[in-house]
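Shown next, in structure tokens, is the structure this report addresses.
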Amino acid sequence: DTAVSQTPKYLVTQMGNDKSIKCEQNLGHDTMYWYKQDSKKFLKIMFSYNNKELIINETVPNRFSPKSPDKAHLNLHINSLELGDSAVYFCASSRDRGEQYFGPGTRLTVT
Amino acid sequence: TQLLEQSPQFLSIQEGENLTVYCNSSSVFSSLQWYRQEPGEGPVLLVTVVTGGEVKKLKRLTFQFGDARKDSSLHITAAQPGDTGLYLCAGGGGSEKLVFGKGTKLTVNP
């Protein structure tokens, strides 16, 4: 009965590679989000989609590109990975931009 | 830019003690949420407060939203080891983006 799921849980890759993180929610929510949590546990929003439409796009390098094929999925593709991209990335979802439910996170390590 | 300051940053107490965590801002928020995050997991929503002066209770946890909707507090009575975790406040939501504080890491020792 997983609500918000992310894959993979852990991702270790080298600088310069391109990688994707997938997120799926089975809550019937219409809004999905990507957050980045740094080593100091600071959680900051990156993107938000409402009904597959981009509504929040924070100051994020354009190497990061979200894609929402449908309301239940929001994927994050990262090009030319850098050391500073190492963090835990959380997907979340909500109904009508209300209370947010978070996934378990993807720990990305760039070496 | 809206900012939320949480204090203390770290808190280590003995089982049975009471504690209060604070979340302050110079900005007014339409609502404020409290989350708890355990290691290796995502934040889990505890409560949302929307009205200035509102008080909500969740078992041993008491949440208060300031009258001016700029600050909030979380009080835990008789803390237990199971309360250990990172407590995050977040303001906004709805048509506004959610802005998170930097969290309070609570450790309750048996």
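Residue numbers (this note's numbering), protein chains in the order written: chain A, 555 to 665; chain B, 152 to 261. Just so it is clear, CB atoms sit at the ideal spot from N, CA and C, and this is done for glycine as well.
Legend entry - A:I599 versus B:G167 - alpha carbon distance: 36 Å
Legend entry - Residue nearest to B:Q165 in terms of C-alpha spacing, selected from B:A230, B:C240, B:G252: B:A230
Legend entry - Residue of A:R617, A:D592, A:E607, A:G652 minimising C-alpha distance to A:V642: A:D592
Inset, instruction - List the residues of chain A whose Cβ lies closer than 7 Å to the Cβ of B:P261, in chain order. - result: Ordered by position in chain A, no residue passes the 7 Å Cβ test against B:P261, which lies about 24 Å from the chain.
Legend entry - Contact set between A:G570 and chain B, taken where Cβ atoms lie within less than 8 Å: Residues of chain B passing the Cβ test: none, with the nearest at roughly 28 Å.
Legend entry - Through-space distance from B:V195 to A:P658, alpha-carbon basis: 10 Å
Inset, instruction - Say whether chain A places a C-beta atom closer than 8 Å to the C-beta of B:Q184. - result: yes
Legend entry - Residues near B:R220 by beta carbon distance below 6 Å, same chain, minus five either side: V179, F180, G203
Legend entry - According to DSSP, residues forming a beta bridge with A:P620: A:L630
Legend entry - Close beta carbons around B:V200, own chain, < 7 Å, minus the five adjacent residues each side: S182, L183, K207, F214, F216, S223
Inset, instruction - Along the beta strand (DSSP E) that carries A:M586, what are the first and last residues, could you check? - result: 585-591
Inset, instruction - Kindly list the residues whose CB is nearer than 6 Å to the CB of A:S648, restricted to its own chain and excluding five residues on each side of it in sequence; keep chain order. - result: H583, T585, Q654
Inset, instruction - Please check if any C-beta of chain A sits within less than 8 Å of the C-beta of B:G254. - result: yes
Inset, instruction - Identify the contact partners of B:G193 in chain A, using a Cβ-Cβ distance below 8 Å as the criterion. - result: V558, F644, A646, F656, G657, P658, G659
Inset, instruction - Could you check the C-alpha separation between A:A646 and A:N611 for me, to the nearest Å? - result: 15 Å
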